[in-house]
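Colleague: At the far end of the sequence shown sits residue 127, using our numbering, and the numbering has no gaps.
A virtual CB, placed ideally from N, CA and C, is assigned to each residue, including glycine.
For clarity, every value in this text was computed on a predicted model and none was experimentally measured.
Before I ask anything, here is the structure I am working with.
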Amino acid sequence: FFRCSHKSWISAVQWSPTDPFVLASASHDGSLKVWDIRSSLPLYTVKAHAKKSKALCLSFTDGAIFSGGSDCIVKKFKC
Numbered sequence: 049f050f051r052c053s054h055k056s057w058i059s060a061v062q063w064s065p066t067d068p069f070v071l072a073s074a075s076h077d078g079s080l081k082v083w084d085i086r087s088s089l090p091l092y093t094v095k096a097h098a099k100k101s102k103a104l105c106l107s108f109t110d111g112a113i114f115s116g117g118s119d120c121i122v123k124k125f126k127c
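So, in structure tokens, the structure goes:
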């Protein structure tokens, strides 16, 4: 169900360490999406990077998602 939402290749997927139904995905379209697998629509969508999003790190204990892109920038998003 990711492909119909992202506009390009998905480069990273990571499950939440605290919620078995939640995961995040990053794409070469620069977007970061948070999903509940019980739904076909993303919970949140963020334009994280001007270029490709390459990496994800979910830190739900800190209430944050970290995203790294080909723009050589790591960004932190509150969740």
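Whole angstroms is fine: what's the gap from Asp-84's alpha carbon to Pro-65's?
Modeller: 13 Å
Colleague: Can you check DSSP and say which residues form a bridge with Gly-116?
Modeller: Ala-103, Val-122
Colleague: Helix, strand or coil for Ile-58 per DSSP?
Modeller: Residue state, collapsed to three classes: strand.
Colleague: Indicate the three-state DSSP secondary structure (helix, strand or coil) for Ser-79 in the structure shown.
Modeller: strand
Colleague: Taking a contact to mean a Cβ-Cβ separation below 7 Å, would you say Ser-79 touches Ile-58 in this structure?
Modeller: no
Colleague: CB-CB under 6 Å to Cys-105, same chain, minus the five flanking residues each way: which ones, in chain order?
Modeller: Phe-114
Colleague: Looking at Ala-72: is its Cβ nearer than 7 Å to the Cβ of Val-82?
Modeller: yes
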